[in-house]
Amino acid sequence: MYIRNLSDKKVKSITTDGGAQLFYGVPDWVYEEEVFASNQATWWSGDGKYLAFLRTDEAAVPEYPVQYFFSRPSGKQPKEGEENYPEVRKIKYPKAGAPMSVVTLQLYDVAEGQVFTVPIQGDFKDKDRLITEVTWAGRSGKVIIRETNRESDVLKVVLIDAERREGKTIREVDVNALDGGWFEVSQTTTYIPSDPANGREHEGYIDTVIHDGFDHLAYFTPLDNPEPIMLTKGKWEVVEAPSALDLKNNLVYFVATKKSSIERHIYSVKLDASDLKAVTDDSEVGYYSGSFSKGGGYLLLTNKGPGIPWQKVINTPSNSDKLEMSIEDNKALRELVTKTELPIEIYQTINVDGFDLNLVERRPPHFDEKTKYPVLFYLYNGPGSQQVDRTFQLNFQSYIASSLGYIVVTLDGRGTGHLGRAARCIVRGNLGHYEAHDQIAAAKMWAAKKYVDAERIAIWGWSYGGFMTLKTLEQDAGQTFKYGMAVAPVTDWRYYDSIYTERYMHTPQHNPTGYDNSTISDVNALSKNVRFLVMHGVADDNVHFQNTLSLLDKLDLANVQNYDVHFFPDSDHSIYFHNANRVVYEKLSNWLINAFNGEWLRTPNPTPLAQIEK
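Numbering of the sequence shown is given in our numbering, commencing with residue 56 and proceeding in unit increments.
See below:
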């Protein structure tokens, strides 16, 4: 790792032992995918005196080979005589239960030219530590680190004083003991400097914490105080927080689901937890996000729905100078929509086992209750995710409803986000069970409706949604869902990456029964569906092709044949290589048309010509 002095252009090495399996300031594959969502792991202090960075040792992490048959991602040309061999990319990919990289936080003192670490009493062991956030406490030389254990259910917040080379754990929460759940990766910790003249006697920080089963804003002051001032409370959740600070007026801005779990509005609250107000008009249905100016005086406000999205710059409660300036009104899209027949969207909740779950039904533009419609269920349903919201959307589901004339239903079942931790955390250790149960319950409700053809109900999803498609077909065994389409599905959680999987499933060593139950393994149940489709990119470095091959092996062993497959050479998880993305959606569309037209009912036992002639 190197730093460059901008004044004299000199470059200096601050580490000397990096290599292919030991590196500094950049994350490994799983940290980039599941923690930082970027390829950098460096953090400068506010005054530039210190640099914090990750040291990553991935020597013990097993490699997974990804084959490329037609492309050369490395950019290297094959040796003469080896042109017809695939290029193999070996990725250090820790699957559930496998060895992970050892990650430690190091600091560099610019003035002294010294790299150092600060030992923390009672810290997680090297093999059981995830570092998920690093936040400098302004210009104080102090840094706040969020760490969890490998299974993401014990949180430790560590405070390091870089000048004194001292550190301690200032907060510890065992969420597994609290509600059986987990901690998601959070990177919104925000430092609050002291200002005694303005009522802030000590420095502190804002974090999102669990309060009465919901995610809320908390203000910790002094820095090492484990007991916060709760800035928000209630049966709703803070989503993006804090979005901005106005330290002059002691205001915090944030996005929350206070009005509805499928809407987003922007609010402000004071640091003493008083005067919580809506910045956006929450008397109207809306889904907002925003980007604030420094100090929070101005807001680039984005309305994402339910109408045509728009953007404008407005003043906030921090600024009395009235401003409202349109940035984008999407006039062209607005005019296009008036000429286009879009689905009719019906938002509602259904109750399953005492849980109120969000659902949207998309009906064809000329819906007629006297007609019997086929129904396609679309889902993702990953932990903490949300598909049912009030954003404006034109997507594949819109096409299915508008152009093909089918009803499309999307249910956010248990495990999804923004309904509180009771609904979310119930799935832990047994992914797929409750989620599939909820989809089947909804499908039975729709099958009973007078405008639904109960013999033509299908389900589809991609990635986690592909897993859920297969798990739902498996659990239902053809009783309600007759068809399914799974793209890039997980079929065995032992094959997926450690950080994501163990957060929701524990390790395979800790929870072998849960992994067995979550695996797509009851191929006899799958054989009772009319037909299903599986598609996968061969070069998928995220959900490995191994998942689909494992399922096909089980199907072969049981002589189950009521399915179709399509594989995409050199395509990764997004399936784009060589026209693949167009093909995947055309395949989904055409396969579904054939399903609802009854084509697959004629294929299970085809009659040969010789028997027809007799």
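We put the CB at the ideal spot given by N, CA and C, even for glycine. Predicted, not measured: the structure shown is a model, and the values here were computed from it.
(message) At the level of alpha carbons, what is the spacing between L272 and P361?
(response) 27 angstroms
(request) State the beta-bridge partners of L474 as determined by DSSP. (result) Paired residues: none, contrary to the question.
(request) Taking 7 angstroms as the cut-off, decide whether the C-beta atoms of P117 and A96 are in contact. (result) no
(request) Any chance you could list the alpha helix (DSSP H) runs of at least 4 consecutive residues sitting entirely within the segment 425–486, in chain order? (result) 451–458 and 476–480
(request) Inspect the beta-carbon positions of P420 and E396 and report whether they are closer than 7 angstroms. (result) yes
(request) Would you grab the beta carbon distance between I175 and T224 for me? Rounded to a whole angstrom, and I think it's under 8 angstroms. (result) 6 angstroms
(request) Identify whether Y489 lies in helix, strand or coil by the three-state DSSP scheme. (result) helix
(request) State the Cα-Cα distance for the pair L326 and T335, rounded to the nearest angstrom. (result) 20 angstroms
(message) Within 10 Å of its beta-carbon, does L378 have 16 or more other beta-carbons around it, so buried, or fewer, so exposed?
(response) exposed
(message) Am I right that L528 and F587 are in contact with their C-beta atoms under 8 angstroms? What's the rounded C-beta distance?
(response) 6 angstroms
(request) Provide the residue span of the alpha helix (DSSP H) that contains M523, from first to last. (result) Y519 to D531
(message) If you reduce the DSSP assignment to three classes, tell me which class I363 lands in.
(response) coil
(message) Please state the DSSP three-state secondary structure of F600.
(response) coil
(request) Compare the beta carbon distance of V228 and L210 with 7 angstroms and say whether it is the shorter of the two. (result) yes
(message) Counting only C-beta atoms, is V209 closer than 7 angstroms to chain C at any point?
(response) Reference to chain C is not applicable here, since this structure consists of a single protein chain.
(request) Between the Cα of S129 and those of E135, V121 and G136, spot the shortest distance and give me the residue it belongs to. (result) V121
(message) Could you pull the DSSP bridge partners for G539 from this structure?
(response) I514 and F587
(request) Give the single residue among L306, N304 and S338 whose Cα lies nearest to the Cα of R319. (result) S338
(request) Report yes or no: do three or more beta-carbon pairs, one from the segment 527–544 and one from the segment 465–472, lie closer than 8 angstroms? (result) no
(message) Tell me which residues share the same chain as Y57 and place their Cβ nearer than 6 angstroms to its Cβ, disregarding the 5 neighbours each side in the sequence.
(response) V66 and S68
(request) Within its chain, find whatever has a CB closer than 6 angstroms to the CB of A613; leave out the 5 residues flanking it on each side and keep chain order. (result) V578
(request) Let me know the secondary structure DSSP gives N358 once reduced to three states. (result) strand
(message) Tell me the residue span of the beta strand (DSSP E) that contains F309.
(response) L306 to A311
(request) Would you identify the three-state DSSP class for E641, choosing helix, strand or coil? (result) helix
(message) Within 10 Å of its beta-carbon, does L431 have 16 or more other beta-carbons around it, so buried, or fewer, so exposed?
(response) buried
(request) Hey, could you find the ends of the alpha helix (DSSP H) A692 is sitting in? (result) Residue 692 lies beyond the range of the chain shown here (56 to 669); nothing can be said about it.
(request) Report yes or no: do the segment 277–290 and the segment 251–265 share at least 3 C-beta pairs separated by less than 8 angstroms? (result) yes
(request) Would you check if the segment 567–581 and the segment 631–639 touch, i.e. whether three or more CB-CB distances between them fall below 8 angstroms? (result) no
(message) To the nearest angstrom, how far is the alpha carbon of V678 from that of T190?
(response) This structure cannot speak to residue 678, because the chain is shown only from 56 to 669.
(request) Pick out whichever of L162, P364, S315 and V90 has its Cα sitting closest to the Cα of G472. (result) S315
(request) Can you grab the Cα-Cα spacing for the pair L434 / G289, in whole Å? (result) 28 angstroms
(message) By the DSSP assignment, the alpha helix (DSSP H) with K386 in it spans what residues?
(response) K386 to T393
(message) What ranges does the beta strand (DSSP E) occupy inside the segment 114–145, keeping only unbroken runs of at least 3 residues that lie completely in it?
(response) 118–123
(request) Report all residues from its chain with a CB closer than 8 angstroms to the CB of R194; omit the five preceding and five following residues, and keep chain order. (result) S100, G101 and D102
(message) I'd like the ranges of any beta strand (DSSP E) spanning at least 3 consecutive residues and lying wholly in the segment 271–342.
(response) 293–301, 306–311 and 320–325
(request) Could you pull the start and end residues of the beta strand (DSSP E) that E89 belongs to? (result) Premise fails: E89 is in no beta strand (DSSP E) and is neither H nor E.
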